[in-house]
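Asker:
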Amino acid sequence: MLKSLAENLLTPLPMCFALGIFSKMIHGGIKIPKELYYSISIYLLMSIGIIGGHELAHEYQAHGVSTIWKPALVTLFLGCLTPITAYGALRYLGRLNIADAAGIAAHYGSTSAVTFIVADGFCNDKGYKPDGYLPTLVTILECPGIAVALVIGAVAMGMQKAAEAAAKSKEGQIDGAPEAEGGNLWEALHEVITGQSLMLMVGLLVIGFISTFAISDAKFHPYEEFFYNKNMIFRGALCIFLLEMGLVTGERLGDLLKVGPFLIAFGIIMPLFHGFLGAFLGYMAGMNLGGCTVLAAIVSSASYIAAPPAVRLTLPEANPTLSMTASLAITFPFNIALGIPIYFWMAQTIGAK
Amino acid sequence: MLKSLAENLLTPLPMCFALGIFSKMIHGGIKIPKELYYSISIYLLMSIGIIGGHELAHEYQAHGVSTIWKPALVTLFLGCLTPITAYGALRYLGRLNIADAAGIAAHYGSTSAVTFIVADGFCNDKGYKPDGYLPTLVTILECPGIAVALVIGAVAMGMQKAAEAAAKSKEGQIDGAPEAEGGNLWEALHEVITGQSLMLMVGLLVIGFISTFAISDAKFHPYEEFFYNKNMIFRGALCIFLLEMGLVTGERLGDLLKVGPFLIAFGIIMPLFHGFLGAFLGYMAGMNLGGCTVLAAIVSSASYIAAPPAVRLTLPEANPTLSMTASLAITFPFNIALGIPIYFWMAQTIGAK
Amino acid sequence: MLKSLAENLLTPLPMCFALGIFSKMIHGGIKIPKELYYSISIYLLMSIGIIGGHELAHEYQAHGVSTIWKPALVTLFLGCLTPITAYGALRYLGRLNIADAAGIAAHYGSTSAVTFIVADGFCNDKGYKPDGYLPTLVTILECPGIAVALVIGAVAMGMQKAAEAAAKSKEGQIDGAPEAEGGNLWEALHEVITGQSLMLMVGLLVIGFISTFAISDAKFHPYEEFFYNKNMIFRGALCIFLLEMGLVTGERLGDLLKVGPFLIAFGIIMPLFHGFLGAFLGYMAGMNLGGCTVLAAIVSSASYIAAPPAVRLTLPEANPTLSMTASLAITFPFNIALGIPIYFWMAQTIGAK
Amino acid sequence: MQLHTLKKVTIITEDSLKQSLLKKIIELGATGYTCRQCEGYGSRGARSDQFTRNVEVELICSEVVANDILTYVSHHYFDNYACIAWISDVQVVRGDRYTSTKKS
Amino acid sequence: MQLHTLKKVTIITEDSLKQSLLKKIIELGATGYTCRQCEGYGSRGARSDQFTRNVEVELICSEVVANDILTYVSHHYFDNYACIAWISDVQVVRGDRYTSTKKS
Amino acid sequence: MQLHTLKKVTIITEDSLKQSLLKKIIELGATGYTCRQCEGYGSRGARSDQFTRNVEVELICSEVVANDILTYVSHHYFDNYACIAWISDVQVVRGDRYTSTKKS
Ligand SMILES: Nc1ncnc2c1ncn2[C@@H]1O[C@H](COP(=O)(O)O)[C@@H](O)[C@H]1O
Ligand SMILES: Nc1ncnc2c1ncn2[C@@H]1O[C@H](COP(=O)(O)O)[C@@H](O)[C@H]1O
Ligand SMILES: Nc1ncnc2c1ncn2[C@@H]1O[C@H](COP(=O)(O)O)[C@@H](O)[C@H]1O
Ligand code: NA
Ligand code: NA
Ligand code: NA
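Protein chains in written order, with our numbering: chain Y, 1 to 353; chain E, 1001 to 1353; chain F, 2001 to 2353; chain C, 3001 to 3104; chain G, 4001 to 4104; chain W, 5001 to 5104.
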């Protein structure tokens, strides 16, 4: 496993990430234009979608839904479970306040598309191509975890406020009408569901799926070449993207001191636990070795794109520094550098092939 | 023909366009950075130019100007005719004021490069490669229609103002010297001729033409691969571009109500008529089936890049919402979705091969 | 040689550059978004780095350092020599003031990555592939020349100020403590060393070098395809980049009148002299024909990215119009259009193979 | 050419609040606004990368509307979001157009 | 350090007018300007996509020049183009440089 | 909602000076700033391409701090760099937050 770790670390992708961190540490001048970052992330999301839809169509043509429904259910289940485990750990072990615990849980309940991409590349490079429906699972995982965490937060905050109000009214204080926060919750969920990442992935998934039936594979070929994740453009764009992720992470390294040891430990142990669940349940659902590894990686990963604005809207009291540091500066690099090989080893040990 | 329609609609390009519209309709979060949009449009214009020049050189090497001069003349003729038919329909059937009629006519006299690209792809996918000089025809079509419409507008406005002035002076009113609008007209035409779209297309056309003679095809090959329109980069970039076009169109759907039924009908019937003229005259000029289809598509299409600023400068009274809605939210999607297969069918029916 | 010149001029790259100049001359509308320009330059720098590291690794695997150390030393020597020759010429022949002379010398002591790229492409197209360690030499050349020129400037200014102060104090004037400018010098050098261009090139060089050892060539292949300089993406991106360079150069053509005939002559003769030194010493160090040509080109070229901010910080009195006009509007186009074929011819005449 | 003295309101806050803020501004009686992205630094640290962008909203309105908007912003944004807001006096050409009828 | 009280003119209008507006501003006696792109909303609707961009031009000048520029803008732009314009008072460092000699 | 009258300082200068200027601003007692890129034209010609960008820095502070910053800028930038700077009066919401304790 150690060799596998080193081999993973010495490929261009993690090294580009490291270069970004290094550049920030020495106050270097590397600067990726925001528009390039946004452009690449649009490209990556569209890639996941259209190639995922294409592969889903092939899977469907070959096996119908027989191979897919179990992994899909497992993914949905994990999407609802992980925010709960994360919230529990943060609130009761870490003693964080409700808003912060629920906010961070929303991040860990959702997923990071780039972690999916890197994990997928890792397995392909090892010769263990993940099942073709994996991109579909990513889209399933994006949303429910955020919803569950935000609901937990809203309910817990409501109860706490009610308790406080009761206490106050006993003391004879007059309390204004509590503000309806439910509206914000719906708004936030609407924003996640119609947000850029989910709409691009699901939209292109549908497009890829339909056009696989409508046009011949030869005609689909230029799209596949452009968007395919083993290909030159994809890999090259990913180099630049990870360089920028490294810059952003490097910028936040100073925050590691602020967030304290509990959150650092949380950012490493929680993904290991969620990753194990992913690998195990994936194996139960009949996924192959590559598939179990990738499922573990995406379940363990934390969102830093879809979750933050939703949390900001619903739980404004939550400190965004905590959640961004945990998901971006701890869990993301951990997964890229060490997590993925570990999940691979877990899946292999469990018995996935 | 119905099958052909469905087949066209279910390919990734129109579906990406539809996704953009859908995202706007549900207030979704898909957002393409402006710089990415500009970058892709620069790439597309350069592609049309350099590959067009390359193919023109091949055509020239094979046949001299013998095959080209007739289609070129036909295109020039259509470029001067279409703004007149459009102006007539708008002013006398639609009862629009002079400025609006001339402004919209300028849009329909010019052409949409993306419509060219999609039509070209459609024909190639069907196995009917258009004649190699088609991109050259696009550059011929870009400018004259705008000029003709702006001159019509200036003359008609001048006459109207003279008439009003005469009427006023009869009533004994004193009138200030009428402002010279001619300067603006020349400025606007200069802006079209030296504008981004024409300069990139013509510039790269010349570059592609010359370098085909100067360097071997092997050395030209990397440029061809990068810019060639059946290729991965081209198709991929076009997906993203059409997604953004969909977003822009979706944003304008609300304006459909404002512009009224006449303009909606105009935006569909006018292109059908112009398209028929294009297919017919193209056939007369000896163009092949793909060529007639593409000529029909570009003649029928309306400009939304070169025309708007020129019209804004020369006919400031023209309401830009009308022309943009017609060309962008009616004619463009109509052509992409239905028009192109229809023109193909027209050309086939006429007898083009 | 004339045929070689014409052949070079009629390829797409110099013609795109010319199109940019032409567009500015007629006040045309071609406009490349800044972000696209930055994105392409990031891509080009990363390309030089990663492919350079990859080829360096191959060279190292084949010959150890035996073939590399002499060219590296020669390059370092030239990096320290050229700012001195340039300063001498500017200060004593051109009678420029210290700040301007040192500022321009800093530009000519450093190098232009795009000139490297074009020269490299020129040699490859001619069938004389430069030695694989050339990109490494570019990174060696980036920095020392700037440092030497800035130190010359600081010392000469210090001496001049001391002399002036002495003169003043004789005249009985009281002089404030001279400001310590040394701090700025270090800051400026730090900025060059940790600047975008050097960090991206060196960083990716290291990444390319290490990952060539760590992963198989098959796994490295997608990166090579994306970043390789004979490839479609590279050539296409370069077309757009040179178009923008042409626009920027065209914008500065008016400044040619301001800078006067001496600087124009300097911008052509100095590179010829430095280029000859590069070709000759490269030949002595055992480089092949392509390698000597490219070394000549990079030694002769002037920086317009790394040098300007460093000079601005250290020698604020230096007029940036002079240095930018010389390096960007004179030397760069001269090298692209005529210089590179001339250096090729020099290297051939000297005897390089 | 006649000038009206009106208030210019400037609000700089987190970009993710942009849509709801703009909607609210119109509700509160503004006739228009202009906005752009910007970087910044303040009590909540640096806001300059893609996860922490700022938006700056500028609008011309009557004093009454200006007060309503600033009151809204200070009640809803200051506790939990990065935000700064100020007003200044400006002389606006054909300024009567920017005092909507919703609020006098 | 001495400060001069001068006028700051701000004009927000359609991006396609930028070149001719900037030329005119210099003709009317301004010594310089600063401009940037922005989004906006007003009586002519939303202006925020690539077909409807706004530009904002800001310049420091004497009151006379400011009046001339605003008069020009209100005569030539207000009828047919999306446009808003205002002036305000500012204290400018070495402000004598920005009152050109063309117009007193 | 209470408003404090404070100074708004605006500095437009060469983008390559941005980092050191921002650092200095904080040293001189400002509590924050907002900045954005812009194009411009002035005595040193046009500054609008990638080699000649401008940055605009805007900050709210007390009059004392404003004076210190403008003095610094006029001593260090005006001779050799493209630069313009001015101040104006603004009414700031919860303005007491922006008068740091470093300088009264
Ligand atoms: N003193 C100031 N002057 C100008 N802008 C400021 C100032 N303080 C804060 N800002 C802006 O307001 C944003 C939020 O400030 P804060 O809530 O203090 O973090 C910052 O990111 C800056 O863009
Ligand atoms: N009340 C306002 N406050 C600030 N900016 C405005 C206001 N009204 C209009 N604008 C700006 O001026 C542009 C043109 O306005 P209009 O001509 O009213 O459509 C808009 O797109 C906005 O950028
Ligand atoms: N009169 C002015 N009004 C507004 N901005 C100006 C003015 N003069 C100069 N500027 C800005 O300040 C920058 C530097 O000016 P200068 O040092 O005069 O070249 C210019 O590039 C403009 O962005
Ligand atoms: Na997760
Ligand atoms: Na047309
Ligand atoms: Na050099």
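Even for Gly, the Cβ is constructed at its ideal location relative to N, Cα and C. Remember, predicted model here, so these are calculated numbers, not experimental data.
Is there a C-beta anywhere in chain Y that falls below 8 angstroms from the one on F:M2245?
Answerer: No, F:M2245 does not count as interfacial toward chain Y.
Asker: With respect to 7 angstroms, is the separation between the Cβ of E:H1274 and the closest non-hydrogen atom of ligand 4 below this value?
Answerer: no
Asker: Taking 8 angstroms as the CB-CB limit, is E:E1035 close to chain F?
Answerer: yes
Asker: Residues of chain C with CB closer than 7 angstroms to the CB of G:C4038, please, in chain order.
Answerer: Going along chain C in sequence order, the residues near G:C4038 (Cβ under 7 angstroms) are T3034, C3035, R3036.
Asker: Report the residue ranges of all alpha helix (DSSP H) runs contained in full by the region 1266-1320 of chain E; include only those spanning at least 4 residues, in chain order.
Answerer: With a minimum length of 4 residues, the continuous alpha helix (DSSP H) runs that stay inside the region 1266-1320 of chain E are 1289-1300, 1307-1314.
Asker: Let's see if you can read the secondary structure: which residues bound the beta strand (DSSP E) around W:R5059?
Answerer: Residue identity check: residue 5059 of chain W is Leu in the sequence provided, not Arg. Taken as a continuous stretch (DSSP letters only), the beta strand (DSSP E) holding W:L5059 covers 5054-5061.
Asker: Per DSSP, what are the beta-bridge partners of F:V2259 in this structure?
Answerer: Looking at the DSSP assignment, F:V2259 forms no beta bridge with any residue, so it has no partner.
Asker: Given the structure, does G:T4031 come close to ligand 3, in the sense that its CB is under 7 angstroms from one of the ligand's heavy atoms?
Answerer: yes
Asker: Threshold first: 3 residues or longer. Then list the beta strand (DSSP E) segments lying entirely within the region 92-131 of chain Y, N to C.
Answerer: Uninterrupted beta strand (DSSP E) stretches at least 3 residues long and entirely within the region 92-131 of chain Y do not occur.
Asker: What is the rounded straight-line gap between the Cα of W:Y5077 and the Cα of W:L5070?
Answerer: 10 angstroms
Asker: So is C:V3090 in contact with chain G if we call contact Cβ pairs under 8 angstroms?
Answerer: So, interface residue.
Asker: Would F:I1946 and F:I2264 qualify as a contact pair, given that the criterion is a beta-carbon distance under 8 angstroms?
Answerer: Any property of residue 1946 of chain F remains undetermined from this structure, which presents chain F solely from 2001 to 2353.
Asker: Does the distance from the C-beta atom of F:A2326 to that of F:S2110 stay below 8 angstroms?
Answerer: Not a contact, by the Cβ cut-off of 8 angstroms.
Asker: Look up G:S4088 in the DSSP assignment and say whether it is helix, strand or coil.
Answerer: strand
Asker: Taking Cβ-Cβ distances shorter than 7 angstroms, what residues in chain W pair up with C:L3070?
Answerer: M5001, V5093
Asker: Compute the Euclidean distance between the alpha carbons of F:H2190 and F:N2184, then round it to the nearest angstrom.
Answerer: 10 angstroms
Asker: So which residues on chain G does W:N5080 lean against when the C-beta distance must stay under 9 angstroms?
Answerer: None at all; the shortest Cβ gap to chain G is about 14 angstroms.
Asker: On a Cα-Cα basis, can you pick out the residue from W:G5042, W:I5084, W:L5021, W:V5064 that is closest to W:K5033?
Answerer: Sequence inspection shows Tyr at residue 5033 of chain W; the Lys mentioned does not correspond to that position. The shortest Cα separation from W:Y5033 among W:G5042, W:I5084, W:L5021, W:V5064 belongs to W:L5021.
Asker: So, at 8 angstroms on beta carbons, what are the nonlocal neighbours of Y:A355 in its own chain, with the 5 sequence-adjacent residues on each side left out?
Answerer: No statement about residue 355 of chain Y is possible, as the shown extent of chain Y runs from 1 to 353 and does not include it.
Asker: CB of E:A1119 to nearest heavy atom of ligand 6: below 7 angstroms?
Answerer: no
Asker: Determine the extent of the alpha helix (DSSP H) in which W:R5044 is found, giving its start and end residues.
Answerer: W:R5044 -> no alpha helix (DSSP H), and no H or E assigned at all.
Asker: In or out: E:D1175 buried (at least 16 other Cβ within 10 Å) or exposed?
Answerer: In this prediction, E:D1175 has a pLDDT of 46, which is less than 50 and means its spatial position is unreliable; what the coordinates show is noted afterwards. When all chains shown are included, E:D1175 counts as exposed.
Asker: By how many angstroms is the C-alpha of F:Y2108 removed from the C-alpha of F:P2261?
Answerer: 18 angstroms
Asker: By alpha-carbon positions, which one of Y:F273, Y:L247, Y:T194, Y:I330 ends up nearest to Y:T82?
Answerer: With distances taken between Cα atoms, Y:T82 lies closest to Y:F273.
Asker: Smallest Cα separation from C:C3083: which of W:I5060, W:D5068, W:N5080?
Answerer: W:I5060
Asker: Show which residues of chain E have a CB atom less than 8 angstroms away from the CB atom of Y:T194.
Answerer: Those are S1023, I1026, H1027, G1028, G1029, listed as they occur along chain E.
Asker: Would the region 5023-5033 of chain W count as touching the region 4089-4102 of chain G if we require 3 or more Cβ pairs under 8 angstroms?
Answerer: The region 5023-5033 of chain W and the region 4089-4102 of chain G do not touch, with fewer than 3 CB-CB distances between them shorter than 8 angstroms.
Asker: Any heavy atom of ligand 5 inside 7 angstroms of the beta-carbon of E:S1327?
Answerer: no
Asker: Can you check which of these residues, Y:C292, Y:L277, Y:L242, is closest to Y:L36 by C-alpha distance?
Answerer: Y:L242
Asker: Using 7 angstroms as the cut-off, classify the Cβ of F:V2299 as near or not near the heavy atoms of ligand 6, replying yes or no.
Answerer: It does: the Cβ of F:V2299 is within 7 angstroms (strictly closer) of some heavy atom of ligand 6.
Asker: Suppose you measure from the CA of E:L1319 to the CA of C:Q3019; what does that come to, to the nearest Å?
Answerer: With the sequence shown as reference, residue 1319 of chain E is identified as Asn, and Leu is not the correct amino acid for it. Whole-angstrom Cα-Cα distance: 27 angstroms.
Asker: Please list, in chain order, the residues of the region 2222-2235 of chain F that have any C-beta partner in chain Y closer than 7 angstroms.
Answerer: Cβ contacts with chain Y: P2222, Y2223, E2225, F2226, F2227.
Asker: For F:Y2283, decide whether its Cβ has a neighbour in chain Y, counting only Cβ atoms nearer than 8 angstroms.
Answerer: no
Asker: Compute the Euclidean distance between the alpha carbons of Y:G250 and E:A1113, then round it to the nearest angstrom.
Answerer: Looking at the two C-alpha atoms, the distance is approximately 43 angstroms.
Asker: Can you tell me whether G:G4040 is helix, strand or coil according to DSSP?
Answerer: strand
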